Amino acid sequence: MEVTLGQVVYSKAGRDAGRKFVVIEIVDAFYVLLSDGDLRRIEKPKKKKIKHLKLTGEINEYLSEKLKNKQKITNSEIRKALEDPRDSVQKV
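All residue numbers for the sequence shown refer to my numbering, where the first residue is 1 and numbers rise by one.
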């Protein structure tokens, strides 16, 4: 499965194992930047290896479009997307 912007993922390794995040930037073929809007805010995202993530088929379209268009995203938008994933989510 391919990693995309706005995708909901779970951490498999590290202190944050089991925690839910949103992919906010793809660094390269091995790393992504993640945020949950709470402990890992958008101002200081978590850099994590893709192999340490459990990818879901959930992509938040609203966040994905904003990230692709380089628009500003708030921490509350990320928290809301993670709380209720049915809001504008596309299954892949």
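The C-beta atom is built at its ideal place from N, Cα and C for all residues, glycine as well.
Values in this document were obtained by computation on a predicted structure and should not be read as measured data.
Comparing alpha-carbon positions, the option among Gly6, Ser76 and Ala17 lying closest to Leu53 turns out to be Ala17. Counting only residues of its own chain and dropping the five nearest sequence neighbours on each side, Lys68 has a CB closer than 7 Å to the CB of Leu5. Along the length of the stretch 40-69, whole beta strand (DSSP E) runs at least 3 residues long occupy 46-49 and 53-60, reported in chain order. Put simply, of Val22, Leu39, Thr56 and Glu83 the residue whose alpha carbon is nearest the alpha carbon of Ile73 is Val22. Annotated three-state conformation of Lys20 is strand, per DSSP.
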